[in-house]
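Using the working numbering, read the sequence shown as starting at 4 and increasing by one per residue.
Positions of the beta carbon are idealized from the N, C-alpha and C atoms, including for glycine.
Presented below is the structure to which this report refers.
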Amino acid sequence: MRISRLTPWAAGLAAAALFAIPATASAGQQRAAAPHAASAATVDSYYATAEGKTGAALKTALHQIIRTQSKVSYDGVWNALKVTDQDPANPNNVILLYSGRSQSKATNGGGANDWNREHVWAKSHGDFGTATGPGTDLHHLRPEDVTVNSTRGNKDFDKGGSPVSEAPGSLTDADSFEPRDAVKGDVARMLLYMAVRYQGGDGFADLEMNDKVNNGSAPAHGRISLLKQWHQQDPPDAFEQRRNQVIFDTYQHNRNPFIDHPEWVGSIW
Numbered sequence: 004m005r006i007s008r009l010t011p012w013a014a015g016l017a018a019a020a021l022f023a024i025p026a027t028a029s030a031g032q033q034r035a036a037a038p039h040a041a042s043a044a045t046v047d048s049y050y051a052t053a054e055g056k057t058g059a060a061l062k063t064a065l066h067q068i069i070r071t072q073s074k075v076s077y078d079g080v081w082n083a084l085k086v087t088d089q090d091p092a093n094p095n096n097v098i099l100l101y102s103g104r105s106q107s108k109a110t111n112g113g114g115a116n117d118w119n120r121e122h123v124w125a126k127s128h129g130d131f132g133t134a135t136g137p138g139t140d141l142h143h144l145r146p147e148d149v150t151v152n153s154t155r156g157n158k159d160f161d162k163g164g165s166p167v168s169e170a171p172g173s174l175t176d177a178d179s180f181e182p183r184d185a186v187k188g189d190v191a192r193m194l195l196y197m198a199v200r201y202q203g204g205d206g207f208a209d210l211e212m213n214d215k216v217n218n219g220s221a222p223a224h225g226r227i228s229l230l231k232q233w234h235q236q237d238p239p240d241a242f243e244q245r246r247n248q249v250i251f252d253t254y255q256h257n258r259n260p261f262i263d264h265p266e267w268v269g270s271i272w
């Protein structure tokens, strides 16, 4: 199904620049006004070569579209996250992904209560580290509490486990991590973006989704069956849409297609 510029979804995206939606950062309800917003016509134009395609053909078409991007250095990620993940209720703060906490932008670093750069697609899954490219791609990098980031480590995503200190609603066990409900869909869409963007043609591993945990250094992330459920349960909200647009406008000039067109997830996977 094509989302046209006349659908309620498209109208909501175009209106995001004009109307504020209350946000409660501490509860993780990332609903906010979007000062950066694309018109539906602009989004349609960006994906024009993918329209009408399904399955593997759609994945290939989207890869060709989103692989054209500017790249950010790993040091540059610090300042970019202060813009992409700004708390809509407090411009001096960022929202931490798993914790849901609003925290001062100035507290980025390596201390136990600082925030640092979380690679949602674990950088060991494909062994790309912090290389400019997948290691610095803002579409999967988010601010997170240092201790929580360490707890997540390079685990795949799955259900269950014990509560994570400083990340209410998140759970973890020996081989997996479950984020809080308010960002489950965000996590899914970031991983799916990575699997489409990096297909082995630009000097990095071909990243793919699978239905396993314990992927280790393999260029794979799981579990896709659960991530698809999370994508459905937690659809893109105004915070996520704004973030996608800021990355497009200001930094990388490419988009996460699964934020713009959620229905494409089921078409590809």
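Assumed close pair residue i, residue j - CB separation to whole angstroms, cut-off 8 Å
i: L229; j: F131; result: With 8 Å as the limit, L229 and F131 do not qualify as a contact, their Cβ atoms being about 24 Å apart.
i: H66; j: Q236; result: Rounded, the Cβ-Cβ distance is 26 Å, inconsistent with contact.
i: W124; j: M197; result: 4 Å
i: A41; j: Q248; result: 6 Å
i: G58; j: S270; result: 7 Å
DSSP beta-bridge partners of residue i
i: E54; result: Beta-bridge pairing links E54 to no other residue.
i: M212; result: H224
i: S179; result: D159
i: D90; result: N93
i: Q202; result: D209
Close Cβ partners of residue i (< 6 Å) along its chain, the five nearest in sequence each way excluded
i: P182; result: Y101, S173, V190
i: D263; result: V46
i: N257; result: I69, Q72
i: N157; result: A125, S127
Contact set for residue i: own chain, Cβ-Cβ below 7 Å, skip 5 residues either direction
i: P222; result: H128, G129, A208, D209, L210, E211
i: P306; result: In this structure the chain extends from 4 to 272, so residue 306 is not present and cannot be described.
i: N152; result: N119, E121
i: I250; result: T87, L141, H142
Nonlocal neighbours in the same chain, by C-beta distance under 8 Å from residue i, ignoring five residues either side
i: A30; result: Confidence in A30 is poor, its pLDDT being 36 and thus under 50, which makes the residue's placement too unreliable to answer from.
i: G79; result: T139
i: H122; result: G138, H143, L144
i: G225; result: D159, F160, D161, M212, N213, D214, K215, V216, N218
i: E169; result: S102, R104, D148, T150, V151
i: T135; result: K74, V75, S76, Y77
i: Q255; result: Q72, S73, K74, V75, D140, L141, H142
i: P260; result: Y50, A53, L65, I68, I69, Y196, V199, W267
Residue i at chain D interface by Cβ criterion, 7 Å
i: Q202; result: This model lacks chain D altogether, as it is built from one protein chain only.
If you scan the region 96-175 from start to end, which runs of the alpha helix (DSSP H) of 4 or more residues do you find wholly inside it?
Complete alpha helix (DSSP H) runs here, min 4: 149-155.
Sequence ranges, beta strand (DSSP E) only - wholly within the region 219-266, length at least 3:
Qualifying beta strand (DSSP E) stretches: none in this window.
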